[in-house]
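**Student:** With UniProt numbering, the residue at position 474 of the sequence shown is 474, and numbering never jumps.
Sharing a structure, written as structure tokens. Questions coming.
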Amino acid sequence: MVFACCSYQSQAEDLNALKVKEYRLENGLTVWLNEDHSQPKVFGAVVVKAGAKDCPDTGIAHYFEHMMFKGTDRIGTLDYESEKVLLDSIAMKYDELAMTEDTAARARLQKEINELSIRSSEYVIPNEFNRLINRFGGSGLNAATSYDATIYFNTFSPQYMVQWAEINSERLINPVFRLFQSELETVYEEKNMYGDFIGGQVMDTLMARYFGPHPYAYPIIGSTKNLKNPRLTEMHKFFEDYYVASNMALILSGDFDAQQVMPILEKAFSRIRSGNAPKQEKVMLPPFNGRETMKVKFPIPFIKAMGLGFRGVSANHEDQVALNIAVNLLNNANGTGYLDKLMVEHKLMGALAINESMNEAGILAVAIMPKLLIQSYSSAEKMVWDEINRVKNGDFSDEMFNSLKLEQKRQYASSLENIDSRATVMMNLFSQGKSWNDYLNEVARIESITKEDVVRVAQKYFSNNYLCVTKSTGKYPKDNLPKPAFSPVVPRNADASSSYAKQLEKIPEQQVAPRIIDFEKDVKTSKLTPLVTLYTTPNPLNDIFTLNISYGIGALEQPELMQLTNYLQLLGTESLSFEQFRSRLQSIGSTLAFDVTPDAFVMKVTGFDNHIDETMELVGDFIRHAKADDKKLRQIVDDAKVSEKAFFKSGDNVASALLEQVKYGDQSRYLRKLSLSQIKKLKGKDLLAVYGKVRSVQCDLHYCGTLPVEKVIGTIRQHLPLERTTIASNSPYYRELKQYDKPTVFFVDMPDMAQSIVYAYIKGDPVDDKTSRHASRLFSVYFGGDMSSLMFQEIREFRSFAYRTSGRYQLPNHAHKGTAGSFTAMLSTQSDKTLDALSVLDSLIREMPLKPERVEAVKQTLVNRINNDYPPFRNLSEKVASACMEGFDHDPAEEFLRDIATMDMQDIFRFYREQICGRPVVYVIAGNRKRIDMKKLAEYGTIVKVKKKEIYK
Numbered sequence: 001m002v003f004a005c006c007s008y009q010s011q012a013e014d015l016n017a018l019k020v021k022e023y024r025l026e027n028g029l030t031v032w033l034n035e036d037h038s039q040p041k042v043f044g045a046v047v048v049k050a051g052a053k054d055c056p057d058t059g060i061a062h063y064f065e066h067m068m069f070k071g072t073d074r075i076g077t078l079d080y081e082s083e084k085v086l087l088d089s090i091a092m093k094y095d096e097l098a099m100t101e102d103t104a105a106r107a108r109l110q111k112e113i114n115e116l117s118i119r120s121s122e123y124v125i126p127n128e129f130n131r132l133i134n135r136f137g138g139s140g141l142n143a144a145t146s147y148d149a150t151i152y153f154n155t156f157s158p159q160y161m162v163q164w165a166e167i168n169s170e171r172l173i174n175p176v177f178r179l180f181q182s183e184l185e186t187v188y189e190e191k192n193m194y195g196d197f198i199g200g201q202v203m204d205t206l207m208a209r210y211f212g213p214h215p216y217a218y219p220i221i222g223s224t225k226n227l228k229n230p231r232l233t234e235m236h237k238f239f240e241d242y243y244v245a246s247n248m249a250l251i252l253s254g255d256f257d258a259q260q261v262m263p264i265l266e267k268a269f270s271r272i273r274s275g276n277a278p279k280q281e282k283v284m285l286p287p288f289n290g291r292e293t294m295k296v297k298f299p300i301p302f303i304k305a306m307g308l309g310f311r312g313v314s315a316n317h318e319d320q321v322a323l324n325i326a327v328n329l330l331n332n333a334n335g336t337g338y339l340d341k342l343m344v345e346h347k348l349m350g351a352l353a354i355n356e357s358m359n360e361a362g363i364l365a366v367a368i369m370p371k372l373l374i375q376s377y378s379s380a381e382k383m384v385w386d387e388i389n390r391v392k393n394g395d396f397s398d399e400m401f402n403s404l405k406l407e408q409k410r411q412y413a414s415s416l417e418n419i420d421s422r423a424t425v426m427m428n429l430f431s432q433g434k435s436w437n438d439y440l441n442e443v444a445r446i447e448s449i450t451k452e453d454v455v456r457v458a459q460k461y462f463s464n465n466y467l468c469v470t471k472s473t474g475k476y477p478k479d480n481l482p483k484p485a486f487s488p489v490v491p492r493n494a495d496a497s498s499s500y501a502k503q504l505e506k507i508p509e510q511q512v513a514p515r516i517i518d519f520e521k522d523v524k525t526s527k528l529t530p531l532v533t534l535y536t537t538p539n540p541l542n543d544i545f546t547l548n549i550s551y552g553i554g555a556l557e558q559p560e561l562m563q564l565t566n567y568l569q570l571l572g573t574e575s576l577s578f579e580q581f582r583s584r585l586q587s588i589g590s591t592l593a594f595d596v597t598p599d600a601f602v603m604k605v606t607g608f609d610n611h612i613d614e615t616m617e618l619v620g621d622f623i624r625h626a627k628a629d630d631k632k633l634r635q636i637v638d639d640a641k642v643s644e645k646a647f648f649k650s651g652d653n654v655a656s657a658l659l660e661q662v663k664y665g666d667q668s669r670y671l672r673k674l675s676l677s678q679i680k681k682l683k684g685k686d687l688l689a690v691y692g693k694v695r696s697v698q699c700d701l702h703y704c705g706t707l708p709v710e711k712v713i714g715t716i717r718q719h720l721p722l723e724r725t726t727i728a729s730n731s732p733y734y735r736e737l738k739q740y741d742k743p744t745v746f747f748v749d750m751p752d753m754a755q756s757i758v759y760a761y762i763k764g765d766p767v768d769d770k771t772s773r774h775a776s777r778l779f780s781v782y783f784g785g786d787m788s789s790l791m792f793q794e795i796r797e798f799r800s801f802a803y804r805t806s807g808r809y810q811l812p813n814h815a816h817k818g819t820a821g822s823f824t825a826m827l828s829t830q831s832d833k834t835l836d837a838l839s840v841l842d843s844l845i846r847e848m849p850l851k852p853e854r855v856e857a858v859k860q861t862l863v864n865r866i867n868n869d870y871p872p873f874r875n876l877s878e879k880v881a882s883a884c885m886e887g888f889d890h891d892p893a894e895e896f897l898r899d900i901a902t903m904d905m906q907d908i909f910r911f912y913r914e915q916i917c918g919r920p921v922v923y924v925i926a927g928n929r930k931r932i933d934m935k936k937l938a939e940y941g942t943i944v945k946v947k948k949k950e951i952y953k
């Protein structure tokens, strides 16, 4: 069964890393098992050491990742033998297409492929793989392709270990590339989406120069030329070469017994082909020759930006740990790095050191933003070099050096705290060719790193051979991928089941009740004052504590909090300068950060329990005696200028702002926020007055650590001014939804976008009865909540009209009983497909198809989410507090699960009929009007053309 088995435990007791058992099956497959019973779920992944670098510029690794969701010779088909005849013909046609340049001949071949695809779809059961994962306790199904690896993953309930292992090994044995033509069009949509992201094309240009001639120089998704000329035979070869057992690992972390599951895993995954993946010849990157230069185009005027790129180290390099510390001397979590100080003192607008590693090379860089208008590139570069040279010359104190080592250890320990983050570490380790023991040794090595080590690596890697990149205002042309002329491939067997699926149903299932949060046992609640509540949960893994102080007032009620959050990060106290205050926190391994949401202002304190008193003394001093500094406001103003310019370059941002205005009018968060002119008028004392108001508002404190509740209460009472909390919270802040009495299309022109962002909005009626509230959740999953939803299948999978789709009904908080909810749907699509996609979405909204056979899967999805979303220990108390805000004194999941057990299609349809059907639909579109037939668009409602300045203050 196994020829190698070993387990590793942390050598550093204070980290208390959980054990990982490593096995290797006879076929060469690596298996890593990590038991963790803190959450009732398992994170499962298959990692393949094959990525974009193994097929440079072709996009094959990414294509293949998409096709791995289409099934096998047993999953996703009613009759594979008949289907295969047509699939083989399609593969031959694609090979012919790749060798054909004549436009007319290519169109003819595409039409023939389309006709064959439509015929083959008669045998296809679309999305059956996803349905099987969902049926057997799975959620969060996804995959990702990097330069070095491809990972396939999801979370599932432990009682379905047999089924999960069977399905996920089956997909690796004989994957079938069905529905390829439509999925290829979806990949085009994905490429369009990346092209519309701010900086997407800039990064492609930078990577090409920085990594040339290494395969890392090419985009993971592939070039447009290669996307237009796919060869299925090359994809098959990629699978045959790289998807062999010795090149893969099975990663499991969660609620299981390793000894019990190993026979299950061995039986399933031993079926995977043995073999050795081809070894690519490693391309060595040449050093830069002195100060090389290049310019990149960026579409935001008046803003300057530059970067210094050095040759970094690969993921396995022995210098990695010391180099991380060198980089943290420049930037770190407490803002005490040498580059941080340049920003705090407003000598630069921004400066960030980056140390990223791939398997064969690394990126070591400094991104620089000179001050607006007045600062030259040469001046900014000199300032950065002065600080880099301080590190190279060893100009840093022992105290700072040791505090950064402590920070590194805290970050390592934190990464092992829950199932998801630990599994991520495990996946990365395997893809990098490391063992779990390597990781633990790396953690242990932090303590042995000396100042001399840091100076040595700084001198070696921050050398005088580097690439200097500067920004010029402009934009790159976008690839034109016109919509195809062929017909959509709509399989007729969307709700059928394969023989394989029916066999899986015969496997005995163990009925396991979902784990419900016990509000009394799992979380301790203490009323410190009538308006201050402390929630405490134990930390079973390490001695790191977190204390989140959440005040019940957010940016919707108090717009200045957006600026206050950033301003407080730059201040010291009456007795301690910024540098002194942050250095003292750092010396004991603590951090203080600020965050704001629409409904809360949060102070986030992190540290070690043995230093909680010193930490809270510093935090208490800051709360009482933060010192205003008007000079720091210049940074806030400059940040606002950049944010405003960048905002209008993002279609997602603009569409979101337009949707907010359509839904809430003047109460849109983009119209309630401070304008640039208002920000310029801010004074430090005014912001600190707002901070004082915030601290008087009702608050929740969330402590997670190892200390007794009584000790925590004593420390909080000693150091925090609880007596000042005298105002009841208004959160969640209420905004009335706008009502429309006729169909309307709100349109904002975005001429540079390749895609259109489309939203649909309908205001509903109040939903106060429990049955309707529960039905809304069923409806949301059924209509647009996952890969089995109507929107995903009809718009993306069958017709390739979009890469992103979603749709849901949002209920108001229980605190706003008697107020209306709303339906919102979203898709992003290539501009010339806008009307096609809108037509399908509109038909789904106006005449929602009824598919009773899907209801059990919808309910299973919700059950899976409740099982698999049980919070890790640090998030338990916030889950409880959120439920309490909704008016519950117990976990609402218990009641919800009980009630939906008897609900059916009629409940979903009744909710749809009462809240959505027949109501005016309002569409919100951000896109290029020149590529959209505006006359046809007017068929969906009165067009209201909106200017950008109308939606953003």
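Glycine included, C-beta positions come from ideal geometry on N, C-alpha and C.
Bear in mind the structure is a predicted one, so any value in this text is a computation, not a measurement.
(1) Cutting at 7 Å between CB atoms, please list the residues of its own chain near residue 241, excluding the five before and the five after it.
(2) How far does the alpha helix (DSSP H) with residue 727 in it reach, from first residue to last?
(3) What would DSSP say about residue 884, mapped onto helix, strand or coil?
(4) Provide the residue span of the beta strand (DSSP E) that contains residue 749, from first to last.
(5) Would the segment 309-327 count as touching the segment 371-379 if we require 3 or more Cβ pairs under 8 Å?
(6) State the DSSP-derived secondary structure class of residue 763, mapped to helix, strand or coil.
(7) For residue 284, count neighbouring C-beta atoms within 10 Å of its own C-beta (all shown protein chains included) and say buried if the count is 16 or more, exposed if not.
(8) What first and last residue would you give for the beta strand (DSSP E) that runs through residue 139?
(9) What is the DSSP secondary structure of residue 843, reduced to helix, strand or coil?
(10) Work out the CA separation of residue 45 and residue 27 for me, nearest whole Å.
(11) By the 10 Å Cβ neighbour count, where 16 or more other Cβ atoms means buried, how is residue 36 classified, buried or exposed?
(12) Mark residue 447 as exposed unless 16 or more other C-beta atoms lie within 10 angstroms of its C-beta, in which case mark it buried.
(13) Going by alpha carbons, who is nearest to residue 205 out of 461, 98, 39, 471?
(14) Assign residue 7 to buried or exposed, taking buried as 16 or more other Cβ atoms, counted over all protein chains shown, within 10 Å of its Cβ.
(15) Would residue 861 and residue 786 qualify as a contact pair, given that the criterion is a beta-carbon distance under 8 Å?
(16) I need the straight-line Cα distance from residue 281 to residue 176, nearest angstrom please.
(17) Report the three-state DSSP secondary structure of residue 487 (helix, strand or coil).
(18) Give every residue of the same chain whose Cβ lies closer than 6 Å to the Cβ of residue 188, excluding the five residues on either side of it in the sequence, and list them in chain order.
(19) Return helix, strand or coil for residue 18, following the three-state DSSP convention.
(20) Looking at the secondary structure, which residues open and close the alpha helix (DSSP H) in which residue 293 lies?
(21) Run through DSSP, which three-state label would residue 810 get?
(22) Sorted by chain position, which residues of the same chain lie with C-beta nearer than 6 Å to residue 178's C-beta, five sequence neighbours on each side aside?
(23) If you draw a straight line from the alpha carbon of residue 17 to that of residue 477, how long is it in whole angstroms?
(24) Closest to residue 143 by CA distance: which of 881, 202, 61, 161 is it?
(25) Apart from the five residues on each side of it in sequence, which residues of its chain come closer than 7 Å, Cβ to Cβ, to residue 937?
(26) Since I believe residue 648 is in contact with residue 776 (beta carbons under 8 Å), could you give me their beta-carbon distance rounded to a whole number of angstroms?
(27) Would residue 232 pass as a contact of residue 91 if the rule is Cβ separation under 8 Å?
(28) Within its chain, find whatever has a CB closer than 6 Å to the CB of residue 665; leave out the 5 residues flanking it on each side and keep chain order.
(29) So, using beta-carbon positions, are residue 761 and residue 840 closer together than 8 Å?
(30) Could you check what DSSP says for residue 302 in three-state terms: helix, strand or coil?
(31) I'd like to know whether the C-beta atoms of residue 139 and residue 868 end up nearer to each other than 8 Å.
(32) Thinking C-beta only, is residue 462 closer than 8 Å to residue 388?
(33) Is DSSP giving residue 37 helix, strand or coil here?
(34) Confirm the yes/no value for this check: CB of residue 35, any heavy atom of the ligand ZN, distance under 7 Å.
(35) Taking the C-alpha atoms as reference points, what is the distance between residue 881 and residue 690?
(36) In its own chain, which residues sit with a C-beta less than 8 Å from the C-beta of residue 182, not counting the 5 before and 5 after it?
**Tutor:** To lay it out plainly:
(1) Excluding residues within five positions, the ones whose Cβ falls inside 7 Å are 277, 278.
(2) Bounds of any alpha helix (DSSP H) do not take in residue 727, whose DSSP letter is neither H nor E.
(3) If DSSP states are grouped into helix, strand and coil, residue 884 belongs with the helices.
(4) Counting along the chain, the unbroken beta strand (DSSP E) around residue 749 starts and ends at 744-749.
(5) Per the Cβ contact rule, the segment 309-327 is not in contact with the segment 371-379 (fewer than 3 Cβ pairs under 8 Å).
(6) Strand at residue 763.
(7) By the neighbour-count rule (16 or more Cβ atoms within 10 Å), residue 284 is not buried but exposed.
(8) It spans 138-145 - the beta strand (DSSP E) in which residue 139 sits, taken as one unbroken run.
(9) Helix, per DSSP.
(10) C-alpha separation (whole angstroms): 18 Å.
(11) Looking at its Cβ environment, which holds 16 or more other Cβ atoms inside 10 Å, residue 36 is buried.
(12) Flag for residue 447 reads exposed.
(13) Nearest C-alpha to residue 205 among 461, 98, 39, 471: 471.
(14) The pLDDT assigned to residue 7 is 34, lower than 50, so where the model puts this residue is not dependable, and the model offers no usable value.
(15) Yes. Within cutoff.
(16) Their Cα atoms are separated by approximately 30 Å.
(17) Residue 487 falls in the coil class under three-state DSSP.
(18) If we look at residue 188 and ignore the five residues flanking it on each side, its Cβ neighbours are 481.
(19) It is coil, neither helix nor strand.
(20) Not the alpha helix (DSSP H): residue 293 falls in the beta strand (DSSP E), residues 291-298.
(21) Assignment of residue 810 by DSSP, reduced to helix, strand and coil, places it in the strand class.
(22) If we look at residue 178 and ignore the five residues flanking it on each side, its Cβ neighbours are 70, 124.
(23) Model confidence at residue 17 stands at a pLDDT of 44, short of 50, so the residue's coordinates are unreliable and nothing is read from them.
(24) With distances taken between Cα atoms, residue 143 lies closest to 61.
(25) Within its own chain, the residues whose Cβ lies closer than 7 Å to the Cβ of residue 937, once the five positions on either side in sequence are excluded, are 745, 835, 943, listed in chain order.
(26) Not quite, the Cβ-Cβ distance comes to about 34 Å (not below 8 Å), so this is no contact.
(27) A contact, by the Cβ cut-off of 8 Å.
(28) The answer, listed in chain order, is 738.
(29) Their beta carbons are not under 8 Å apart, which means residue 761 does not touch residue 840 by this criterion.
(30) If DSSP states are grouped into helix, strand and coil, residue 302 belongs with coil.
(31) Between residue 139 and residue 868, the C-beta gap is smaller than 8 Å, which places the two residues in contact.
(32) Contact flag set, yes.
(33) It is coil, neither helix nor strand.
(34) In the structure shown, the ligand ZN is absent, as is every other ligand, since no ligand is present at all.
(35) Cα to Cα, residue 881 sits roughly 25 Å from residue 690.
(36) Take residue 182, set aside five residues on each side of it, and the residues of its chain with a beta-carbon closer than 8 Å to its own are 117, 488, 489, 797, 798, 799, 800, in chain order.
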